[in-house]
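**Q** There's a structure below that I have some questions on.
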Amino acid sequence: MKRSIKQHIGVVLLSVLGMVLPFDPTTVQAATSVNPALSHAIKRHLPDWLKLYKHLHSHPELSYHEKETAGKLASHLQRLGFEVSTQLGGHGIVGVLRNGEGPTILMRTDLDALPIVEETGVPYASKVKTNDDAGTEVGVMHACGHDIHMSVWTGTTQLLTEMKDQWKGTLVAIGQPAEEKGAGAKAMLDDGLFEKFPVPDAAIALHVNAQTPSGTVGYVSGFALANVDSVNITLRGVGGHGAYPHTTRDPVVLAAQVVLALQTIVSREVDATQPAVVTIGSIHGGTKHNIIPNEVKLQLTLRSYTDEVRQTLIESIKRIVKGQAEAAGIPGDLMPIVELDDVFTPATYNDPDLMRLVISSLNKAIGEENVFELNPVMGGEDFGRYGRTEHKVPVCMLWLGAVDPKQHERFLKGEIKLPSLHSSQFAPLPETTIQTGVAAMTQTLLDLFQSKP
Ligand SMILES: [Zn+2]
Ligand SMILES: [Zn+2]
87 MKRSIKQHIG VVLLSVLGMV LPFDPTTVQA ATSVNPALSH AIKRHLPDWL
137 KLYKHLHSHP ELSYHEKETA GKLASHLQRL GFEVSTQLGG HGIVGVLRNG
187 EGPTILMRTD LDALPIVEET GVPYASKVKT NDDAGTEVGV MHACGHDIHM
237 SVWTGTTQLL TEMKDQWKGT LVAIGQPAEE KGAGAKAMLD DGLFEKFPVP
287 DAAIALHVNA QTPSGTVGYV SGFALANVDS VNITLRGVGG HGAYPHTTRD
337 PVVLAAQVVL ALQTIVSREV DATQPAVVTI GSIHGGTKHN IIPNEVKLQL
387 TLRSYTDEVR QTLIESIKRI VKGQAEAAGI PGDLMPIVEL DDVFTPATYN
437 DPDLMRLVIS SLNKAIGEEN VFELNPVMGG EDFGRYGRTE HKVPVCMLWL
487 GAVDPKQHER FLKGEIKLPS LHSSQFAPLP ETTIQTGVAA MTQTLLDLFQ
537 SKP
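In the working numbering, the protein residues as written are 87 to 539.
Written as C-alpha cells, this is what we have:
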C-alpha cells in the first residue's frame, strides 16, 4: 500500500529527525568536511565524471535534439543495472533502480543546451554549429550548466548503486529534454511518466547558480521560481498616409498607450506583497517614415508565483488592451488579438517539509557553513511541473554554487562582474561543483530512502 505523500513525508521527517539521524537544530555542530564515506568514493570516480562533463560540454545539443546526450546517459544507467526506457516525451530517458521496499524518489537532470556561440576560452569549449528550427546557423553551448547537472546525476546514480546495502526503495532517475523550451517536463508527463513508471514520493533536482561559489548549495523553501507566461498582442488599426493621420486609426500611438497602461497592472492591481512582472520585450510595427501601418505586434513575458496573481495578470492585460483600443476609436471588427502561448512554465514550489529534510542532509554532506538560504527569483524552470499533477508529489530544487571561489571573492569586492546563466562566458568550475553536487544529492537520497513505507 502506498501512503499518502503527506503521511510519507511525515514518516521520513520523523525517521530522519528522530530515529535514524538525531538532529536538533539548536545543538547541532557544523560539519567541517564532506561526509568521509562519500568523499572517498567521490575522489575515486571524479576523474571519470570530469571526463564525462568535458565530453558533454563540448558536444551540446539543442532542445528537442538531445539524441546523443540521452543515449550516453541511457547507456551509463544500463551499465549500472537500471531498467532503462528511452524516447519518453521526445528524447527523455527514465532509469528505474528497484532496491527493496521503501520510498520512491525521482531525481531529474535536464539534457539540452542553448543556441549560443561559446566565448569562455576553456580548453573543452564547444565549437558546435548547427541549424536551429528556423534554419539559421547558430552556435550551441551548455550555457545553463545542464552538463553539470548531468554529471552530478551520473555520479549520484553511480554512488547509490555502489551503496545499495545502505538504502531501500526505488530510485527513478530521469533525463529530461527541452527544459529551455519549458516543454520537456510536460512532454514526459503527457507521455506517461507517472503511469508507466513508479509514482515518486518526492522529486529532487538541482540547478547551477552563476552567482554563488562552487562548494556551496543554496536553497529556497516555498516558491523558488516563477510562473512564466508568454503573451502575443496584435494591435490593429486603419493604416494610411503619414501626412493625413486624421484619415487613419494609428496603431503605433495605440501601442505607446498600451505599453504605459500595462505598467499599472503590477503597480495598481496586484497585491503589493505578491511578486509579479509584466515585461514587454518586443514591439514591431510599420515599414517607413510616412506610412501609418495597419498593425503593431507586442511580445510580453509575465512572471508570478501564485495561480491567482497569474490569472489577474492575464485578465487585466485583456481588459486594458481592449479598453485602450476602444478609447482610440478602433473599429469593433479590428479589436486587438491577445494570445496566451500554450507553453506555460508553472512556478517551482519547494515543499517546506521536504526542504527541511534536505537541509539536514546538505549540512551532513558538505558542512553547515556551505549551505545557504537564498532569495526566490522570478526566473522559470519547468521542474515545478512534476509537483503539479493529481499525485501532488512534493518537489525540491536546489541551487548548486558554480563560480570559482577566487572569482567570487573578487565579485564581492566589486572588482569584476560575473557572467549570468545563458551568457556566452558562463564557465562553471567543474571539479568542486560536481563533487559538491554529488555529495549533496547522494546524502539527500540516502536520507530520504531511510524510512520504510
Ligand atoms: Zn536555462
Ligand atoms: Zn537551466
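No residue lacks a Cβ here, since even glycine has one placed at the ideal position from N, Cα and C.
When DSSP labels each residue in this structure, what does P108 get in the three-state scheme?
**A** Confidence at P108 is low in this model, with a pLDDT of 31, below 50, so its placement is unreliable and the value that follows should be read with caution. In this structure, P108 counts as coil in the three-state DSSP scheme.
**Q** Leaving out five residues on either side along the sequence, give the residues of the same chain with a beta carbon under 7 Å from the beta carbon of A116.
**A** Unreliable placement is indicated for A116, whose pLDDT of 31 sits below 50; the coordinate value is still reported in the next sentence. Closer than 7 Å at Cβ, skipping near neighbours: G453, E454, E455.
**Q** Return the first residue and the last residue of the beta strand (DSSP E) that D315 is part of.
**A** From DSSP, the beta strand (DSSP E) with D315 extends over 313-322.
**Q** Could you tell me which of E412, G367, I351 sits nearest to S402, measuring between CA atoms?
**A** Comparing Cα-Cα distances from S402 to each of E412, G367, I351, the minimum goes to I351.
**Q** Would the beta-carbon of E266 be found less than 7 Å away from any heavy atom of ligand 3?
**A** Among the ligands in the structure shown, ligand 3 does not appear; only ligand 1 and ligand 2 can be found there.
**Q** Could you round the C-beta distance between V463 and L311 to whole angstroms and report it? I think they count as a contact, below 8 Å.
**A** Between L311 and V463 the Cβ distance is about 6 Å, and since that is below 8 Å, they are a contact.
**Q** Within a Cβ cutoff of 6 Å, which residues of the same chain sit near F497, ignoring the five residues on either side of it in sequence?
**A** Excluding residues within five positions, the ones whose Cβ falls inside 6 Å are L504.
**Q** Whole angstroms is fine: what's the gap from L340's alpha carbon to H145's?
**A** Distance between the alpha carbons of L340 and H145: 47 Å.
**Q** Can you tell me which of T530, H370, V182 puts its alpha carbon nearest to the alpha carbon of A259?
**A** Per the Cα distances, V182.
**Q** Measure the alpha-carbon distance for I520 versus V238 and round it to whole angstroms.
**A** Spanning the two alpha carbons is a distance of roughly 5 Å.
**Q** Please check the pair A488 and L515, which I expect to be a contact at CB under 8 Å, by giving their CB distance rounded to whole angstroms.
**A** Between L515 and A488 the Cβ distance is about 7 Å, and since that is below 8 Å, they are a contact.
**Q** Helix, strand or coil for E169, going by three-state DSSP, please let me know.
**A** The answer is strand: DSSP assigns E169 an E or B state.
**Q** Does the stretch 264-275 come close enough to the stretch 476-492 that 3 or more CB-CB pairs lie under 8 Å?
**A** The stretch 476-492, when compared against the stretch 264-275, does not touch it at the 8 Å Cβ threshold.
**Q** In terms of residues, what are the limits of the beta strand (DSSP E) holding Q385?
**A** It spans 381-390 - the beta strand (DSSP E) in which Q385 sits, taken as one unbroken run.
**Q** By how many angstroms is the C-alpha of A296 removed from the C-alpha of E495?
**A** Using only the alpha carbons, I get a separation of about 13 Å.
**Q** Count the other CB atoms within 10 Å of the CB of S506; is the residue buried (16 or more) or exposed (fewer)?
**A** Answer is exposed; the Cβ neighbour count stays below 16.
**Q** What are the uninterrupted segments assigned as beta strand (DSSP E) that are 3 or more residues long and contained completely in the stretch 161-213, given in chain order?
**A** The stretch 161-213 contains these whole beta strand (DSSP E) runs: 169-174, 178-185, 190-196.
**Q** Are A199 and H177 touching if we call contact CB-CB under 8 Å?
**A** It is not a contact, given that the beta carbons lie outside the stated cut-off.
**Q** If you count every other CB in all the chains shown that lies within 10 Å of the CB of E412, and 16 or more means buried, which is it?
**A** By the 10 Å Cβ count, E412 comes out exposed.
**Q** Identify whether W239 lies in helix, strand or coil by the three-state DSSP scheme.
**A** It is helical.
**Q** Taking the CB atoms as reference points, tell me whether M527 and L292 lie closer together than 8 Å.
**A** Their beta carbons are under 8 Å apart, which means M527 touches L292 by this criterion.
**Q** Straight-line CA distance for L192 to L532?
**A** Their backbone Cα atoms lie some 13 Å apart in a straight line.
**Q** Could you tell me the boundaries of the beta strand (DSSP E) in which Q297 lies?
**A** Residues 288-299.
**Q** Helix, strand or coil, according to DSSP, for S368 in the structure here?
**A** Note: S368 maps to strand in three-state DSSP.
**Q** Can you list, in chain order, the residues of its chain with a C-beta nearer than 7 Å to that of C86? Leave out the 5 residues immediately preceding and following it.
**A** Only positions 87 to 539 of the chain appear in this structure, which leaves residue 86 out of reach.
**Q** So which of H327, A414, G186 has the shortest CA-CA distance to I378?
**A** Among H327, A414, G186, the Cα nearest to that of I378 is on H327.
**Q** Determine the contact status of L142 and D218, defining contact as a CB-CB distance below 8 Å.
**A** No, these two residues do not count as a Cβ contact at 8 Å.
**Q** Drop a sphere of 10 angstroms on the beta-carbon of G167, count the other beta-carbons inside from all chains shown, and report buried for 16 or more, exposed for fewer.
**A** It is exposed - the Cβ of G167 has fewer than 16 other Cβ atoms within 10 Å.
**Q** Going by C-alpha to C-alpha distance, which of L348, D336, R389, H375 sits closest to V382?
**A** Of the listed residues, the one whose Cα sits closest to V382 is D336.
**Q** The alpha helix (DSSP H) with A329 in it runs from where to where?
**A** From DSSP, A329 is part of no alpha helix (DSSP H); its letter is neither H nor E.
**Q** Leaving out the 5 sequence neighbours to the left and right, which residues in its chain are closer than 7 Å to H477 when beta-carbon positions are compared?
**A** Hits under 7 Å: F280, V285.
**Q** Just to confirm, does H508 get its C-beta within under 7 Å of one of the non-hydrogen atoms of ligand 1?
**A** Result yes, Cβ under 7 Å from ligand 1.
**Q** For L138, I'd like the list of residues in its chain whose CB is within less than 7 Å of its CB, leaving aside the five on either flank, ordered along the chain.
**A** Excluding positions up to five away in sequence, the list reads S237, T240.
**Q** For T302 and Y391, what's the separation of their Cα atoms in angstroms?
**A** Computed Cα separation, rounded: 26 Å.
**Q** Among R396, G500, I202, L420, which one has its Cα closest to the Cα of T320?
**A** T320 has its Cα closest to that of L420, out of R396, G500, I202, L420.
**Q** Indicate, with yes or no, if ligand 2 has a heavy atom lying under 7 Å from the CB of H141.
**A** H141: no, Cβ never under 7 Å from ligand 2.
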